[in-house]
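In case it helps, the numbering used here puts the sequence shown at residues -6 to 272. Beneath this line is the structure, given in structure tokens, with notes to follow.
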Amino acid sequence: MKTNFDCETGPIGVFDSGYGGLTILSSIRQAMPDYDYIYLGDNARAPYGTRSFDIVYRFTLEAVKQLFDRGCHLVILACNTASAKALRTIQQRDLPQIDPSRRVLGVIRPTVEAIGDISRNGHVGIFATPGTVASGSYEIEISHLHPDFKVTSHACPMWVPLVENREADRPGADYFVRQETEALMKADNDIDTIVLGCTHYPLLYPKIREAVAEGIEIVKQGDIVARSLADYLRRHPEMDNRLTRGGTTTYLTTESPEKFSDLASLFLGEDVKAERVEN
-6 MKTNFDCETG PIGVFDSGYG GLTILSSIRQ AMPDYDYIYL GDNARAPYGT
44 RSFDIVYRFT LEAVKQLFDR GCHLVILACN TASAKALRTI QQRDLPQIDP
94 SRRVLGVIRP TVEAIGDISR NGHVGIFATP GTVASGSYEI EISHLHPDFK
144 VTSHACPMWV PLVENREADR PGADYFVRQE TEALMKADND IDTIVLGCTH
194 YPLLYPKIRE AVAEGIEIVK QGDIVARSLA DYLRRHPEMD NRLTRGGTTT
244 YLTTESPEKF SDLASLFLGE DVKAERVEN
């Protein structure tokens, strides 16, 4: 099964179930401003965090195919849930049938690679959605790269709604942040590094920083993923040569473009004009 789009070059595709992946896109654009990007948010079916593996896989594959059809040769799953529940199957089963020369990359692996240089004592906490926690993806990846590390994952089901309802910087969010940080640290009081394993969570960073001890490192994924992508393209010039460079970004959403544009400005700090696509 070949993609309908046969252009030899195209933009970098960035996919998320909703808005959180915009924090990843922002970091990538800052690091690599000359490239063209297409961002696709499946906002009509978000959130993915509580959905089953099969549903997340099916939705993610549909999004990847749509980005391929729009000329993307490289797609970043800027979503921890999609990376946890769909990435490996797409890489191993679907890409060989769709187009073996195209690539789909996630956000969990580069994050895990980076924490080896960040944690001092090997005690790592993960804040994530229920779906990412249930997948065990961070535990699996960390056990492969850092087998001596102790990993404690904790689901924060209220944090995404807080962000998307513009409550992240309001006093009402303090209770929910303190509740989850206390639960994580109670599970392992030796944690010295906390990974924000959902791309919405950086918008809660100031409150998380205030809620945990000063010596604990809090890892946001955007800069890590951006550095990892730049390194990947240096190591794979054949892919880099297939990416267009015009400094443009196109925004696609499966829901209301007006709603997307309004909330996207919260994540990006700039005006956004989106186009609605069918999911």
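No residue lacks a Cβ here, since even glycine has one placed at the ideal position from N, Cα and C.
In angstroms with no decimal places, state the Cα-to-Cα distance between residue i and residue j.
{"i": "Val212", "j": "Leu222", "result": "17 Å"}
{"i": "Val57", "j": "Phe8", "result": "8 Å"}
{"i": "Thr174", "j": "Pro123", "result": "15 Å"}
{"i": "Leu189", "j": "Glu55", "result": "26 Å"}
{"i": "Tyr225", "j": "Gly239", "result": "20 Å"}
{"i": "Arg38", "j": "Thr246", "result": "10 Å"}
{"i": "Ala180", "j": "Asp27", "result": "44 Å"}
{"i": "Asp185", "j": "Glu1", "result": "46 Å"}
{"i": "Ile209", "j": "Ala121", "result": "17 Å"}
{"i": "Arg171", "j": "Asp62", "result": "44 Å"}
{"i": "Thr71", "j": "Gln85", "result": "Here residue 71 is Ala; the residue named in the question, Thr, does not match the sequence. Between Ala71 and Gln85, the C-alpha separation is close to 19 Å."}
Would a C-beta distance cut-off of 9 Å place residue i and residue j closer than the cut-off?
{"i": "Leu60", "j": "Leu33", "result": "yes"}
{"i": "Ile101", "j": "Val117", "result": "no"}
{"i": "Thr192", "j": "Gln214", "result": "yes"}
{"i": "Phe260", "j": "Ser19", "result": "yes"}
{"i": "Ser254", "j": "Val265", "result": "yes"}
{"i": "Thr145", "j": "Ile108", "result": "no"}
{"i": "Gly99", "j": "Ile69", "result": "yes"}
{"i": "Asn234", "j": "Asp35", "result": "no"}
{"i": "Val153", "j": "Gly13", "result": "yes"}
Please report the residue range of the alpha helix (DSSP H) in which residue i lies.
{"i": "Arg228", "result": "Gln214 to Arg228"}
{"i": "Glu132", "result": "Ser130 to Leu138"}
{"i": "Lys200", "result": "Tyr198 to Ala204"}
{"i": "Glu106", "result": "Ile101 to Ile108"}
{"i": "Asp255", "result": "Pro250 to Leu261"}
{"i": "Asp167", "result": "Gly165 to Ala180"}
What does DSSP give as the partner residues of residue i in its beta bridges?
{"i": "Lys58", "result": "Note: Lys58 sits in no beta bridge, so no partner."}
{"i": "Glu210", "result": "Thr186"}
{"i": "Leu67", "result": "Ile5 and Arg96"}
{"i": "Val117", "result": "Val144 and Thr186"}
{"i": "Leu236", "result": "Gly3"}
Can you determine whether any heavy atom of the ligand NAP sits closer than 8 Å to the C-beta of residue i, and answer yes or no?
{"i": "Ala204", "result": "Absence of the ligand NAP from the depicted structure is noted, as is the absence of any ligand whatsoever, leaving it without description."}
Would you kindly report the start and end of the unbroken beta strand (DSSP E) that includes residue i?
{"i": "Ser146", "result": "Lys143 to Ala148"}
{"i": "Gly278", "result": "One cannot answer for residue 278 here, as it falls past the ends of the chain, which runs -6 to 272."}
{"i": "Leu245", "result": "Thr242 to Thr246"}
{"i": "Ala267", "result": "Ala267 to Arg269"}
Given 8 Å, three or more beta-carbon pairs between the segment 68 to 88 and the segment 41 to 48: Yes: at least three Cβ pairs fall under 8 Å.
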